[in-house]
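Report on the structure given below.
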Amino acid sequence: MGHLSQEVHEAYRDEVQEKRTGYLGMWAFLSSEILFFGSFFLAYAVIRSFHADAFREASGHLSLLWGTINTAVLLVSSYLIAFGEKAFELRRNKAGMLSWAGAAVLGVAFLAIKFYEYGEKFHHHHIPGLDFKAEDFQHPQGAELFHFLYFSMTGLHALHLIVGVCWISGMVLWFKLRKGRTIQTTYVTTAALYWHFVDLVWVFLYPMLYLIRP
Amino acid sequence: MSQSHEDMPSNALLLGILAALMVLLGAAFSLVWLPHGPWKPFLAILIAGAKAALIVWIFMRARYHDHTSWLFIIGGIFWLAILFTLTFADYLTR
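Quick mapping for you: the protein sequence lines, in order, are chains P and E. With the working numbering applied, the first sequence corresponds to residues 1 to 214, in that order. With the working numbering applied, the second sequence corresponds to residues 1001 to 1094, in that order.
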């Protein structure tokens, strides 16, 4: 069985302890993120329990095709992050950087598709609170609430993804500048955990927003 | 000190998980063409749950983590369950 080695910060006994601490810290942050997004999921569940027909109708006004493509884009990006993480740990830094750069590009592609979808919503006057064309819906009150949740949840998710793209791109750039020097696997694993979490949130947003159409 | 290959998934496993995620995405997408019923949203969330489990278990390496990390993973889900249970205990019994 092969073994890896890396630089260990002075606060830690060895790299295993450092990596475990990194995992623990990141999971502590992510468990708070579960509750952060969870409050939006809860609002969705409560409001939908009162406006089930309106939510189905409003979901039909979203693009199922773009939503599905975006889900596939994020799933592939998660694979690239996992593959790159392993490559970094095996000191195959070039493969790791290529893989993570690919994931960052897919993240940007996701955001581009999402903003195109937002543009369509602006075009059709389906912006809750500002410019909502109630006559397009049989249940306008519930449909406006659905769109409010749609923009809040996907907007918050997009903000997290923007942070993820900056984080991953910044690390690739930083790794490139370090050239042949060793890379802290703790930095890699915490960034990877964050990216996968952002993917996880979308995995649930997709059926909640796009798949409840009539 | 060193880190072994045992705490990381193989390339074949990573590819297999991606393939499984794509199959599940296809299954969720095909739900749209099935007749409408109250079971459909639950099935869609169930498929999402299966996708999430694969991502957490392999991509996020929960399979290889020690118990302290699991404390936070289960803790987050537990508190979310409390949030949902108490809120719906109120709304559904009014």
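We put the CB at the ideal spot given by N, CA and C, even for glycine. Because the structure is a prediction, the values reported are computed rather than measured.
Cβ pair residue i, residue j closer than 8 Å
i	j	result
residue 24 of chain P	residue 1069 of chain E	yes
residue 61 of chain P	residue 160 of chain P	no
residue 100 of chain P	residue 80 of chain P	yes
residue 72 of chain P	residue 165 of chain P	no
residue 214 of chain P	residue 57 of chain P	yes
residue 1047 of chain E	residue 1028 of chain E	yes
residue 28 of chain P	residue 1072 of chain E	yes
residue 186 of chain P	residue 22 of chain P	yes
residue 1031 of chain E	residue 200 of chain P	no
residue 1008 of chain E	residue 86 of chain P	yes
residue 1085 of chain E	residue 42 of chain P	no
residue 209 of chain P	residue 49 of chain P	no
residue 55 of chain P	residue 146 of chain P	yes
Under the three-state DSSP convention, the category residue i falls into
i	result
residue 212 of chain P	coil
residue 1019 of chain E	helix
residue 9 of chain P	coil
residue 1066 of chain E	coil
residue 139 of chain P	coil
residue 48 of chain P	helix
residue 185 of chain P	helix
Proximity test, residue i beta-carbon vs the ligand SAM heavy atom, cut-off 7 Å
i	result
residue 90 of chain P	The ligand SAM is not part of the structure shown, which contains no ligands of any sort.
Straight-line gap, residue i to residue j (C-alpha atoms, nearest Å)
i	j	result
residue 82 of chain P	residue 1056 of chain E	11 Å
residue 1060 of chain E	residue 196 of chain P	7 Å
residue 1041 of chain E	residue 97 of chain P	39 Å
residue 133 of chain P	residue 77 of chain P	36 Å
residue 1024 of chain E	residue 13 of chain P	42 Å
residue 107 of chain P	residue 1092 of chain E	39 Å
residue 203 of chain P	residue 1052 of chain E	7 Å
residue 39 of chain P	residue 179 of chain P	43 Å
residue 1049 of chain E	residue 112 of chain P	26 Å
residue 221 of chain P	residue 118 of chain P	Residue 221 of chain P cannot be examined here, being either before or after the span of chain P that is shown, 1 to 214.
residue 138 of chain P	residue 1067 of chain E	51 Å
residue 140 of chain P	residue 46 of chain P	18 Å
residue 1044 of chain E	residue 53 of chain P	17 Å
residue 1094 of chain E	residue 173 of chain P	56 Å
Chain B residues whose Cβ lies nearer than 8 Å to that of residue i
i	result
residue 1075 of chain E	Absent from the structure: chain B. Protein chains present are P and E.
Identified DSSP bridge partners for residue i
i	result
residue 131 of chain P	P/127
So if I threshold CB-CB distances at 7 Å, which residues from the stretch 1079-1091 of chain E count as touching chain P?
1079, 1080, 1083, 1084, 1087, 1091
Which residues, taken in chain order from the stretch 1026-1040 of chain E, show a beta carbon closer than 7 Å to some beta carbon of chain P?
1028, 1029, 1031, 1032, 1036
Taking Cβ-Cβ distances below 7 Å as the criterion, which residues of the stretch 1057-1076 of chain E are in contact with chain P?
1059, 1060, 1065, 1066, 1068, 1069, 1072, 1073, 1075, 1076
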